[in-house]
Amino acid sequence: MAEEEGATQTPASGGRRERIFLVVVDESEEMRNALRFACRRARHTGGRVALLHVIEPVEYQHWLGVGRVIEEEARAEAERRLQSLAAEVFTQTGSMPILYIREGRREEEVLRLIGEDPAISLLVLATAPTASNPGPIVSHLLRHLGELRIPVTLVPGQLTCEEIDALS
11 MAEEEGATQT PASGGRRERI FLVVVDESEE MRNALRFACR RARHTGGRVA
61 LLHVIEPVEY QHWLGVGRVI EEEARAEAER RLQSLAAEVF TQTGSMPILY
111 IREGRREEEV LRLIGEDPAI SLLVLATAPT ASNPGPIVSH LLRHLGELRI
161 PVTLVPGQLT CEEIDALS
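Yeah, the sequence shown ends on 178 if you go by my numbering, and it's all consecutive.
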C-alpha cells in the first residue's frame, strides 16, 4: 500500500486546500475517540481525514528470515487495519481517507510526516483515560510542541460518542 498524496485542491473550494485531519492509528481504545472527532470535523468543515499507521521496528534480529516474516506480517496487519478504518471513515464522512504506512518509532514518524506533508493541517490525538499518563504519543509531542507547524487537538479518552458529537 503506497502513500497517497495529501495535498488536495477541490474546484468547489475555489482552489484552496482541504483541511487534512491526521489521526495516528494504534490499538488503544482512545484512538477511536480521536477518529470520531476527526471524522466529524472533516465532515462539518469540508475537510478530509488521514490515517497514519506506524510499524514499530522488529526486535527479533537473530535470524534474518524470521525478522522479514515478522515485518511482512506486521505490514499485512497494518494494511488490514487501515482498510477497516478507511471504511469507517468513509461511512462517517462520505470520502475516503488518505492512508499512510510508515516504519520506525511512532512518535518520530508522526513528527516526520507532519514535516513532510504540508497538506496536513491538524493532528488529532486522544488522551488515555487515566490522569497519570496521557499516552506515549501525547507525552512525546508535549516535549516537541515548538517543532510542530500545525495545531494539535487532544480529545479526552473518557468522552462518550455523544459527548464527542456535541463538541464537534
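Each residue gets a CB set at the ideal place from its N, CA and C atoms; glycine is no exception.
Inclusion of PRO161 and GLU40 in the CB contact set at 8 Å is not warranted, their separation being larger than that value. Separation of ASN43 and GLY167 (C-alpha to C-alpha, rounded to the nearest whole angstrom) is 6 Å. Residue state for VAL120 is assigned as helix, using DSSP reduced to three classes. In the three-state reduction of the DSSP assignment, ALA86 falls in the helix class, which pools H, G and I.
Ranked by Cα distance from ASP36, the first of LEU92, ALA176, ALA129 is LEU92. Residue pairing for VAL34: DSSP places it in a beta bridge opposite LEU62. DSSP places SER149 in the uninterrupted alpha helix (DSSP H) bounded by 146-153. Collapsing the DSSP output to three states places ILE160 in coil.
About 17 Å separates the beta carbons of LEU32 and ILE174, which is beyond the 8 Å limit, so they are not a contact pair. Cβ neighbours of ARG29 within its own chain (closer than 6 Å, five residues either side excluded): THR55, GLY57, SER131. Counting only the Cα atoms, GLY75 lies some 35 Å from GLU98.
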